[in-house]
Each structure stands twice: as structure tokens, then as C-alpha cells.
Amino acid sequence: YVNLSGAGETWLQDFSRVKVLKELRLFNCELKNLPPSLSSSADLKLLEVLDLSENSLNSPIPNWLFGLTNLRKLFLRWDFLQGSIPTGFKNLRLLETLDLSNNLELQGEIPSVLGDLPRLEFLDLSANELNGQINGFLDAFSRNKGNSLVFLDLSSNKLAGTLPESLGALRNLQILDLSSNSLTGSVPSSIGNMASLKKLDLSYNAMNGTIAESLGQLAELVDLNLMANTWGGVLQKSHFVNL
Numbered sequence: 001y002v003n004l005s006g007a008g009e010t011w012l013q014d015f016s017r018v019k020v021l022k023e024l025r026l027f028n029c030e031l032k033n034l035p036p037s038l039s040s041s042a043d044l045k046l047l048e049v050l051d052l053s054e055n056s057l058n059s060p061i062p063n064w065l066f067g068l069t070n071l072r073k074l075f076l077r078w079d080f081l082q083g084s085i086p087t088g089f090k091n092l093r094l095l096e097t098l099d100l101s102n103n104l105e106l107q108g109e110i111p112s113v114l115g116d117l118p119r120l121e122f123l124d125l126s127a128n129e130l131n132g133q134i135n136g137f138l139d140a141f142s143r144n145k146g147n148s149l150v151f152l153d154l155s156s157n158k159l160a161g162t163l164p165e166s167l168g169a170l171r172n173l174q175i176l177d178l179s180s181n182s183l184t185g186s187v188p189s190s191i192g193n194m195a196s197l198k199k200l201d202l203s204y205n206a207m208n209g210t211i212a213e214s215l216g217q218l219a220e221l222v223d224l225n226l227m228a229n230t231w232g233g234v235l236q237k238s239h240f241v242n243l
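Number 4 in our numbering belongs to position 4 of the sequence shown; there are no gaps in the numbering.
Take a look at the structure:
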């Protein structure tokens, strides 16, 4: 375990002496690029936790990360990452936590391969420039019968499309934030199957359909935000019967 958070760049000269790392935290180290000694080190093959957050990388997500097949937690928030999210994430089959939030310049569609990661529990892609249809991405998660996703934040992007009925297959999900996008359509009736859901935020979209009455089946829901849309239909007592 090595924690060099906030250390600046002076640690680089000593890094090569460290052997067999499982956890490496380089949070807020004023990095402007990733040093060659980091990306070429064979000692990182056993790495399980990597935190490179709050640096100024100003680059695409590096492909060498996808060779770290023992990674369980990867934090790359506030790194000014650019380009799209690579499909190489499909190699990280043990990944449980992925935080790419607040990079501001990550673009393109969310690759469906993220939905195939069998152990992924926490996914934060908020505050980027991600676009495209949300349907296919959510469908990928629903096809993963062993999905263990608990936290999903896609807020403050440019995602479009409608919420698919397959959303209801995310039965372990507790936090779902899709606010501040360009989503349209209705809340699907399958929402009632998401028995673990505690927070649902669909605010600041362009949703113009109806809100399924099955929303009232979510007995664990304590935080619901549907504001700043153009909902149709009429709210009934059944919408809130168990809330």
C-alpha cells in the first residue's frame, strides 16, 4: 500500500524501488502526465486499488490500465480526461468501483461493455460530455444476470433516449441519478421491480410521458426528484402508496 496523495512530483525518483503494490493512491499529486515508470512497471500487475484523481492529465484514458486485470477500484475523477471511454474496460473483470466523474471533456457514447462487468457495484460517470442513447447501455446491464450494481450516477451529461423496461432488472440498485440530461419519454412500469432503490433523480430532463404507478411499490425509496420535466398524466395516490 502506497499513499502519495498531495505529494507533488518529487516521489517519482523513488517509485521504482517499491515492489509488489496492491494499492496505489496518487490523489492530487499535480501530475500533468503519467510517468513512464508507472505505466511500464511489472509490479503493478497485482494492483487492486488505483487512485489518480484530481490531477491535470489532459489526455485520453491510457490503454495500459486495461492490463491491470486485478483492479477492483479505479478512481480517475477530476483529471481533465479527454476522448471517449474505451471498450478496453471489458478486460477488468474484477472491477467493483469505477469513478470517471467531473472530467468535463469525456465524450461519446457509454460503451455497453461496462454493463458486462460482473462485479461492478459503483459507477460514477457524472459531469462529463457523454452523449448518445441511454437505452443500449441500460440494456447491457439488464442482460448481465449476475449484475451487482448498487450506485449509478450519469447526471450532468448529454444523454438522450428513453428509459427501457429493462431498467427493472437492476434489482440491487440503490442510487440512480440521471438528472440534467436530455432524456425523454415515460418512467417504465418495470421501475416497481427495483426493490432496493433508495434514491431516484430524473430532474432537469425533457421527459414528457407518464410516471408509472408501480413507482408506489418502492418501499425503500426515500429521495425522489422528478422536477423540471413536462410530465403527462395525473398523479394518483397509488404513485406514493409505499413511499
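A virtual CB, placed ideally from N, CA and C, is assigned to each residue, including glycine.
Check	Outcome
Helix or strand or just coil, what does DSSP make of A160?	strand
Let me check understanding here. Comparing Cα to Cα, which of N157, G108, Q107, K73 lies closest to R119?	K73
If you follow the beta strand (DSSP E) that G253 is part of, which residue opens it and which one closes it?	Absent from the structure is residue 253, since the part of the chain shown begins at 1 and ends at 243.
Look at R93 and D51 and say whether their C-beta atoms are less than 9 angstroms apart.	no
If we call anything under 9 angstroms between Cβ atoms a contact, is S84 one with E109?	yes
Could you give the C-beta distance for L76 and S53, rounded to a whole number, given that I count them as a contact under 8 angstroms?	6 angstroms
Might you give, ordered along the chain, the residues of its own chain that have their beta carbon closer than 6 angstroms to the beta carbon of D264, omitting 5 neighbours on each side?	This structure does not reach residue 264, given that the chain is present from 1 up to 243, and the question cannot be answered.
Bridge partners of L183, per DSSP?	G161
Starting from the C-beta of L226, find all residues in its chain whose C-beta is less than 6 angstroms away, skip the five residues before and the five after it, and write them out in chain order.	L202
So L81 and P60 are supposed to be a Cβ contact under 8 angstroms. How far apart are they, rounded?	7 angstroms
When DSSP labels each residue in this structure, what does R25 get in the three-state scheme?	strand
Taking just the CA atoms, how far does T184 sit from L114?	23 angstroms
Please state whether the Cβ-Cβ distance between L247 and S190 is less than 9 angstroms.	Because the chain in this structure spans residues 1 to 243, residue 247 falls outside the shown range and cannot be described.
Thinking C-alpha only, which one of T97, V20, L170 is nearest G192?	L170
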